[in-house]
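Participant: Just dropping this structure here.
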Amino acid sequence: MIKVCMVRFLLVLGLLVSFAGLEASAQDYVTVTKASGDLKSVTAKITINAPPAFVWQTLTSYNELDDFIPGYRSAQLVASSGATKTLDIDMIVSRLLPSYKYRVRVQEDQRRMMLTLQRISGDFKHFNGTYQLVPSSNGARTVLVYKLDLDPGKDVPGSALIIKGNVEKTLAAVREHAESQHRKSMIGKN
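Going by this note's numbering, 174 is the number at position 190 of the sequence shown; the sequence numbering is gapless.
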C-alpha cells in the first residue's frame, strides 16, 4: 500500500512539474572557462517549453528586461535602426560589488533566430556574445544556446562563479517568462 501511494505521489509530482513548465532538461548547462588574461568564455544551453517565437519575443522585449531578469536595475532601448538595436543596461552582479553599466549593440537576425551582442562602452572591458534559438520537439520547445566572451574589467576574486550564477539566473528568468507568455496564449484554446 505504501509503495503504491509513493508511486502515485511521484507520478503526480512529475506531472505537476511537467505541466508547470518547470522541468529542466538533463542537458541544460552553464560553463565558464578562462580564455586568456581576465577574459572568460561562457557557454550555456537551456531547454524552454515554448516555441521559438515566444523566446524571441522575450529576448527582444528590451525595455521590459528589467521587469523579469534578476539583477537588472534598468534596461533601456536607446536607438533602433532596423535589425540593429542599442541598449543601455545597469545591472547588479553581486551584493558585494558595484553595479555594472554598459551599452551594447544587438544585431537581430530573426530568420536565423540569432541575436548578436557587442559591447559599445561601459564598465565591462569586453562583452561579446550570441543567443541562438533552436526549435525542438517539432517547434513546441526551444533550445536556447548562449555564448559570451566577457572581461569584467575589474579584478574580482571568484568572478567565474559570479558569472556562472548570473547567467543561470538570467536564463532561468528568460525560460520562466517565455513559458508564462506561452501558457497565457493557450488559455481558451483546445
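Note that CB positions come from ideal geometry on N, CA and C, so glycine has one too.
With the cut-off set at 7 Å, would you say V62 and D72 are in Cβ contact?
Facilitator: Cβ atoms of V62 and D72: closer than 7 Å.
Participant: Could you please give the first and the last residue of the uninterrupted beta strand (DSSP E) stretch that includes Q116?
Facilitator: Segment H110 to S120, the beta strand (DSSP E) holding Q116.
Participant: Taking the alpha-carbon of R79 as reference, which of I104, D107, G149 and Q91 has the nearest alpha-carbon?
Facilitator: Cα-wise, what sits closest to R79 is G149.
Participant: Kindly list the residues whose CB is nearer than 8 Å to the CB of N47, restricted to its own chain and excluding five residues on each side of it in sequence; keep chain order.
Facilitator: Within the same chain, N47 has close Cβ partners A59, Q60 and L61.
Participant: Which residues in the same chain as F52 place their Cβ atom closer than 7 Å to its Cβ, once the five residues preceding and following it in sequence are excluded?
Facilitator: Cβ neighbours of F52 beyond the five flanking positions: A157 and H161.
Participant: From V178 to K131, what does the alpha carbon distance come to, in whole angstroms?
Facilitator: Residue 178 is absent from the structure shown; the chain starts at -15 and stops at 174.
Participant: Is S169 helix, strand or coil by DSSP?
Facilitator: Three-state DSSP puts S169 in a helix.
Participant: Would you mind working out which of V88, V90, R167 and K173 sits nearest R125, comparing C-alpha positions?
Facilitator: Per the Cα distances, R167.
Participant: May I ask you to verify whether the segment 20 to 32 touches the segment 80 to 92, counting CB pairs closer than 8 Å and requiring at least 3?
Facilitator: No, they do not touch.
Participant: Give me the Cβ distance between A67 and Q41, rounded to the nearest whole Å; I'm assuming they're in contact under 8 Å.
Facilitator: That belief does not hold up - the Cβ atoms of A67 and Q41 are roughly 15 Å apart, past 8 Å.
Participant: Alpha helix (DSSP H) containing L134: first to last residue?
Facilitator: No alpha helix (DSSP H) contains L134, which is instead part of the beta strand (DSSP E) from R125 to D135.
Participant: Within a Cβ cutoff of 6 Å, which residues of the same chain sit near G5, ignoring the five residues on either side of it in sequence?
Facilitator: Note on G5: pLDDT 37, under 50, position unreliable in the model; the coordinate value appears next. N33 and E163.
Participant: The beta strand (DSSP E) spanning V14 covers which residue range?
Facilitator: Its beta strand (DSSP E) spans residues Y13 to S20.
Participant: Going by DSSP, which residues form a beta bridge with Y181?
Facilitator: This structure cannot settle anything about residue 181, because the visible part of the chain is limited to -15 through 174.
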